[in-house]
Amino acid sequence: MATWCASDELRSGALVPALPEYPLVSTQTLWALYPSSRELAPKVRVFIDWLVDRFGHQPYWNQGLEKILNNSR
Numbered sequence: 032m033a034t035w036c037a038s039d040e041l042r043s044g045a046l047v048p049a050l051p052e053y054p055l056v057s058t059q060t061l062w063a064l065y066p067s068s069r070e071l072a073p074k075v076r077v078f079i080d081w082l083v084d085r086f087g088h089q090p091y092w093n094q095g096l097e098k099i100l101n102n103s104r
């Protein structure tokens, strides 16, 4: 099970890691594809910026889970 669908339960303690050798962290990638042109539409630029802010680094649902996941190992 991935952390994006279990983060609330992990934080509350309702769910605990049972197989720590199989990490919950996903390495999936999100791609934003758009047609090439001289000018990128402002709506597209804003959407890409939002994606980067929301998912570019550590996703919001993984924040604070390191301690919980590392303690189970």
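Note that my numbering numbers the sequence shown so that position 68 is 99, with each residue one more than the last.
Idealized CB from N, CA, C, for every residue including glycine.
Please read these numbers as outputs of a predicted model, since none were measured by experiment.
Taking buried to mean at least 16 other C-beta atoms within 10 Å of its own C-beta, is residue i buried or exposed?
i	result
SER67	exposed
LEU41	buried
PRO48	buried
LEU96	buried
What do you reckon, are the CB atoms on residue i and residue j nearer than 7 Å?
i	j	result
SER106	TRP92	The structure shown does not extend to residue 106, since the chain is modelled only from 32 to 104, so the question has no answer here.
ALA63	LEU82	yes
VAL75	TYR65	yes
Grab me the residues of residue i's own chain with a C-beta within less than 7 Å of its C-beta, minus the 5 sequence neighbours each way, in chain order.
i	result
PHE86	LEU61
Starting from residue i, trace the alpha helix (DSSP H) in both directions and tell me its first and last residue.
i	result
LEU82	73-86
GLU70	Note, GLU70: premise wrong, no alpha helix (DSSP H); not H, not E.
GLU40	38-43
Compare the Cα-Cα distances from residue i to each of the options and report the closest residue.
i	options	result
CYS36	PRO90, ASN101 and PRO51	PRO90
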